[in-house]
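These notes are about the structure you will find just below.
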Amino acid sequence: MHVMFVCTGNQCRSVIGEYYMRGAIGYWLGQDAGISVSSAGTMVYPPHPADPKVVALLRSNGIDASGHRSTVLTADLMNAADLVLCFEQKHLQKMAALNPSAARKAFLFSQFAYSCAYMSANALISGDTPVSRLASAIDNIPLALPFLPQIPAETEDPHGKSDEVFHSVYAHITGGINTIVKALKQ
2 MHVMFVCTGN
12 QCRSVIGEYY
22 MRGAIGYWLG
32 QDAGISVSSA
42 GTMVYPPHPA
52 DPKVVALLRS
62 NGIDASGHRS
72 TVLTADLMNA
82 ADLVLCFEQK
92 HLQKMAALNP
102 SAARKAFLFS
112 QFAYSCAYMS
122 ANALISGDTP
132 VSRLASAIDN
142 IPLALPFLPQ
152 IPAETEDPHG
162 KSDEVFHSVY
172 AHITGGINTI
182 VKALKQ
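Taking the numbering used here, the leading residue of the sequence shown gets 2, the next gets one more, and so forth.
Written out as structure tokens, the structure reads:
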């Protein structure tokens with residue numbers, strides 16, 4: 002099972018998602034959980050490193066993202082993913098333009114995280130392995146969405162913003178990932 006995070010430049014939000022989720026999977030589920038993680042960006046430009054603020058925040062959790070280089074989102078990358086988590090509606094729109102069939106496996110990150118919390122609390126996720134539980138969560142998300150409280154669906158882009166914004170976005174993404182990964186453990 003493969004999860005891909007998508008943001009605009011693949012240097013802030015999706016990098017946090019990719020590297021933190023890898024660490025959370027290893028911690029909560031074990032390295033042999035059968036779930037791989039990657040990231041990409043919708044903006045087309047040459048590969049570049051992650052934002053230094055993101056590298057520092059991840060390093061504070063013992064995660065090394067210093068070797069990250071951005072990847073441009075392509076139809077092939079979307080085909081290879083089983084779940085695509087985007088941070089803004091415009092990322093979903095870009096995906097639909099590149100590969101309309103990928104839309105069925107793409108969600109806004111916040112909606113997927115809140116849905117996992119709801120589904121886990123209401124026994125809507127089945128399976129006895131992390132992979133089968135993730136597949137169940139993907140299949141059952143339409144059952145959860147109508148019951149979610151009004152939540153901010155998009156995750157702010159911290160690029161070029163203050164340390165406070167970076168810390169807030171980092172806390173939001175890591176908290177959501179912890180929710181998702183814990184739902185896969187039960």
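All C-beta atoms in this analysis are idealised placements derived from N, C-alpha and C, irrespective of residue type, glycine included.
Problem set entry | Cβ neighbours of Asp83 in the same chain (closer than 8 Å, five flanking residues each side left out) | Stepping through the sequence shown from its first residue, residue 83 is reached at position 82. Cβ within range, chain order: Met2, His3, Val4, Lys106, Leu135, Ala136 and Ile139.
Problem set entry | Ala107 - containing beta strand (DSSP E), residue span | For the purposes of this step, residue 107 is taken as residue 106 along the sequence shown, with counting starting at 1. Run containing Ala107: Ala107 to Leu109, per the beta strand (DSSP E) assignment.
Exercise. If you check the beta carbons only, do Ile142 and Tyr115 fall under 8 Å apart?
Worked result: The count along the sequence shown starts at 1 and reaches residue 142 at position 141. The count along the sequence shown starts at 1 and reaches residue 115 at position 114. Cβ distance not < 8 Å, so Ile142 and Tyr115 don't count as in contact.
Exercise. Identify the residues that DSSP records as bridge partners of Val7: which are they?
Worked result: Taking the first residue of the sequence shown as 1, we reach residue 7 at position 6. Answer is Ala41 and Cys87.
For this session: With DSSP collapsed to three states, give me the class of Pro50.
Result: Looking up residue 50 in the sequence shown gives position 49. Pro50: strand per DSSP, three-state reduction.
Problem set entry | CA nearest to the CA of Tyr119, picked from Leu109, Pro101, Asp129 and Leu144 | Residue 119 sits at position 118 when you count from the first residue of the sequence shown. Comparing Cα positions, the closest option is Leu144.
Exercise. Which residues mark the beginning and the end of the alpha helix (DSSP H) in which His173 is found?
Worked result: Along the sequence shown, read from residue 1 onward, the residue named residue 173 stands at position 172. Per DSSP, His173 belongs to the alpha helix (DSSP H) from Asp164 to Lys186.
Exercise. To which residues of the same chain is Gly63 closer than 8 Å at the C-beta, ignoring the five residues directly before and after it?
Worked result: As a working note, residue 63 is residue 62 in the sequence shown. If we look at Gly63 and ignore the five residues flanking it on each side, its Cβ neighbours are Gly24.
For this session: Buried or exposed for Thr75, please, with buried defined as at least 16 other CB atoms from any protein chain shown within 10 angstroms of its CB.
Result: The residue labelled residue 75 in the question sits at position 74 within the sequence shown. With fewer than 16 Cβ atoms within 10 Å of its Cβ, Thr75 is classed as exposed.
Problem set entry | For Arg70: DSSP bridge partner residues | Here residue 70 refers to the residue found at position 69 when the sequence shown is read from its first residue. Per DSSP, Pro50.
Exercise. Are Ser40 and Asn80 closer than 8 Å when you measure CB to CB?
Worked result: For this step, residue 40 is matched to residue 39 along the sequence shown. For this step, residue 80 is matched to residue 79 along the sequence shown. It is not a contact, given that the beta carbons lie outside the stated cut-off.
Exercise. What separation, rounded to the nearest whole angstrom, lies between the Cα atoms of Leu59 and Asn100?
Worked result: As a working mapping, residue 59 is identified with position 58 in the sequence shown. As a working mapping, residue 100 is identified with position 99 in the sequence shown. The alpha-carbon atoms of Leu59 and Asn100 are separated by roughly 31 Å.
Exercise. Is the beta carbon of Leu86 less than 8 Å from the beta carbon of Phe6?
Worked result: Taking the first residue of the sequence shown as position 1, residue 86 is located at position 85. Taking the first residue of the sequence shown as position 1, residue 6 is located at position 5. Contact flag set, yes.
Problem set entry | Between the CA atoms of Leu125 and Met22 - distance to the nearest angstrom | Taking the sequence shown and counting its residues from 1, one reaches residue 22 at position 21. Taking the sequence shown and counting its residues from 1, one reaches residue 125 at position 124. Going from the Cα of Met22 to the Cα of Leu125 covers about 22 Å.
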